[in-house]
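Notes for the one structure printed next.
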Amino acid sequence: MSLPNTHSKSLIQWHLAENCRDLPWKSEKDPYKIWLSEILLQQTKAEAVVPYYNKILKHFPTIQLLAAAKEQKIFQLWQGLGYYSRCRNLILTAKWISEENSGLFPNTYEGLLALKGIGPYTASAVASFAFNLPYAVVDGNVYRIIARLLASAIPIDSAEGKKYFQEKATALMDKKNPAIYNQAIMDLGATICKPKNPLCLQCPWHKYCKAFSTKTVEKFPIKSKKLIIKKRHFHYLVFDDGKHLYIRKRIGNDIWKDLHEFALIETDDEKIGISFDRNPSASVFQQQLTHQKITAYFYVMLQKVLRKTITEYGLEKVAYENLENYAMPKVILDFLHQNKYL
DNA sequence: AAGACGGGGTT
DNA sequence: AACCCAGTCTT
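Oh and the first sequence: position 62 is 61 in numbering that gives the first Met the number 0, straight run, nothing missing.
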C-alpha cells in the first residue's frame, strides 16, 4: 500500500501526541541557538549534546560574544565531544557573521550552505527551524526511514543514494509545515524507526512501509562502504620538572587537530627506536575511535634531553594548574587524571 | 568518488 | 566487535 497524502498529518500527530523528545533546542527560534545545536548534533547523539549546548550558551549567549571569545576557551568547552573541525568552523562562521555580516544569519538555504561547517543537512535544518523554509532534512534517521519505507536497495552512502533520498525526502515533506515536519521525522527515526529493534507497530507509517510488509526492516538501509580500522601507536614523551608539563598543539590534517598533546613519536608497532630511561610504571592507554585504534605509551623523560626536545618539537611549558585551559584528546586526559595532574 | 574525522552508547 | 549517531570537508 502506497503512502496516502495524509501521511504528513499522521506523522505530525504522532509527534504532537506524547512522542516528542524534550530537548533544550526544541521550538527554539533564535537562528544562533538553532545553528549552534545543529553543529553540535552532527554525528552526535542528542543526549550527548545537551550538556555541551547548555554550557556553551551559558558562556556565550549571543553570537557576538562567541565571536569575540578566545579560541582556546571555545575548544576547551568543546573538549570531549569529538570531530574538532566542527569547533574550528563554528569559530570561523561566528566571526564571519558577527564581523562581516552585521551579526545577521543568512536567511536563505544557499546563504546558509555557503557558511563553513554547514552542508545540505544543516542548511535545511536551520532554514526550516529558524525561517520555516520548505527544505527537507536528510540525516541518518531520514535515510533509514525512507530506505525502509520504500525497501530501497540504493546504498545511502553513494552519490546516487544522496540524490535519490534527498528527492524522496523533499517529496514526502509537508511544505506548509517544514519545521514541525522535520522535527517529527527525525524524532520518529530516533525513537521508533531505530537501527536495531525498531518499534514498527507504534509507527504511524507502518501500514505503508514496504520493508515492514515484507519483514525486511532490519535489512535497510543498505550501505556500500566497509569500515576499516587502522591501528596506530603513539609514544608520548612526558617532561615533568616538578611544576610544569611540556605540550604542544597538534597541526596538520590528522585526528585531534588543534588539540594539545606531549611530544609524540608515532611508530608502526609497540617498539620505539630510541633509547632512553623508561619509567618502570609508565602507563599504556588505548582509545577506540570509529576508524582507528590508538595505543598510547607514556614515557617519563629525563630532564637532560629536555632542551633539545623543546627545540625539536616546539613544546610549550605549562604549569600544572594551567593544564585545564588546554583542550586535549581523551587519551591524554586519561593519563593526566591517572597521574593526578588534573 | 572515496577517506578522514571522536567519542560514547547499543546491541 | 560492529554499528550508529540531527554530516562536512579534503583529496
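Backbone N, C-alpha and C fix where the C-beta goes; we use that ideal spot for every residue, glycine too.
Look at Ile-96 and Cys-86 and say whether their C-beta atoms are less than 8 angstroms apart. On the first sequence, position 97 is the one that residue 96 refers to. On the first sequence, position 87 is the one that residue 86 refers to. No, the pair does not count as a contact, with Cβ atoms beyond the cut-off.
Tyr-312 to Ala-68, Cα distance in whole Å? Within the first sequence, residue 312 is the residue found at index 313, counting from 1. Within the first sequence, residue 68 is the residue found at index 69, counting from 1. Approximately 28 angstroms, taken between the alpha carbons.
Am I right that Leu-39 and Tyr-52 are in contact with their C-beta atoms under 8 angstroms? What's the rounded C-beta distance? Your numbering for residue 39 matches position 40 in the first sequence. Your numbering for residue 52 matches position 53 in the first sequence. Contact flag correct, Cβ pair sits at about 6 angstroms.
With Leu-200 as the anchor, note down where its beta strand (DSSP E) starts and where it stops. Mapped onto the first sequence, residue 200 falls at position 201. No beta strand (DSSP E) holds Leu-200; DSSP gives it neither H nor E.
Go ahead and label Lys-339 buried or exposed: buried means 16 or more other beta carbons lie within 10 angstroms of its beta carbon, across all protein chains shown. Taking the first residue of the first sequence as 1, we reach residue 339 at position 340. By the 10 Å Cβ count, Lys-339 comes out exposed.
Complete runs of the alpha helix (DSSP H) confined to the region 18-81 [at least 4 residues]: When DSSP assignments are scanned along the region 18-81, the uninterrupted stretches of alpha helix (DSSP H) that are 4 or more residues long and fall wholly within it turn out to be 30-40, 45-58, 62-67 and 70-77.
I'd like the span of the alpha helix (DSSP H) that includes Tyr-312, first residue to last. Your numbering for residue 312 matches position 313 in the first sequence. Looking at the DSSP string, the run of the alpha helix (DSSP H) that includes Tyr-312 is 305-312.
Closest to Asn-324 by CA distance: which of Asp-268, Arg-247 and Lys-307 is it? Residue mapping note: residue 324 aligns to position 325 of the first sequence, counting from 1. Residue nearest to Asn-324 within the set Asp-268, Arg-247 and Lys-307 is Arg-247 (criterion: CA-CA distance).
Considering only the beta carbon of each residue, do Ala-210 and Ala-262 sit closer than 8 angstroms? To locate residue 210, count along the first sequence from 1; it is residue 211. To locate residue 262, count along the first sequence from 1; it is residue 263. No, they are not a contact pair.
If you compare alpha carbons, which of Ile-145, Asp-186 and Ile-179 is closest to Glu-166? The count along the first sequence starts at 1 and reaches residue 166 at position 167. Considering only alpha carbons, the answer is Ile-145.
For Ile-153, three-class secondary structure by DSSP: Here residue 153 is taken as the residue at index 154 of the first sequence, counted from 1. Secondary structure at Ile-153: coil, using DSSP grouped into helix, strand and coil.
For Ser-1, count neighbouring Cβ atoms within 10 angstroms of its own Cβ and tell me buried if that reaches 16, exposed if not. Walking along the first sequence from the start, residue 1 turns up at place 2. Exposed: under 16 other Cβ atoms inside 10 Å.
Under DSSP, the beta strand (DSSP E) around Leu-244 begins and ends at which residues? As a working note, residue 244 is residue 245 in the first sequence. It spans 243-248 - the beta strand (DSSP E) in which Leu-244 sits, taken as one unbroken run.
Going by DSSP in three states, Lys-115 sits in which element: helix, strand or coil? Within the first sequence, the letter at position 116 stands for residue 115. DSSP places Lys-115 in the coil class of the three-state scheme, outside both helix and strand.
Taking all protein chains shown into account, do 16 or more other C-beta atoms lie within 10 angstroms of the C-beta of Ser-230, making it buried, or fewer, making it exposed? Taking the first residue of the first sequence as 1, we reach residue 230 at position 231. Reading the sequence as shown, one finds Lys at residue 230 and not Ser. Exposed.
Which residues does DSSP list as the beta-bridge partners of Gln-287? As a first step, residue 287 is located in the first sequence; it is residue number 288 there, counting from the start. Note: Gln-287 sits in a beta bridge opposite Lys-292.
Quick check: the Cα distance between Pro-177 and Thr-213, rounded to an integer number of angstroms? For the purposes of this step, residue 177 is taken as the residue at position 178 of the first sequence. For the purposes of this step, residue 213 is taken as the residue at position 214 of the first sequence. Each residue's alpha carbon lies about 30 angstroms from the other.
Ala-66, buried or exposed, once every other Cβ within 10 Å from all chains shown has been counted against 16: Taking the first residue of the first sequence as position 1, residue 66 is located at position 67. Counting Cβ neighbours within 10 Å, Ala-66 comes out buried, since at least 16 surround it.
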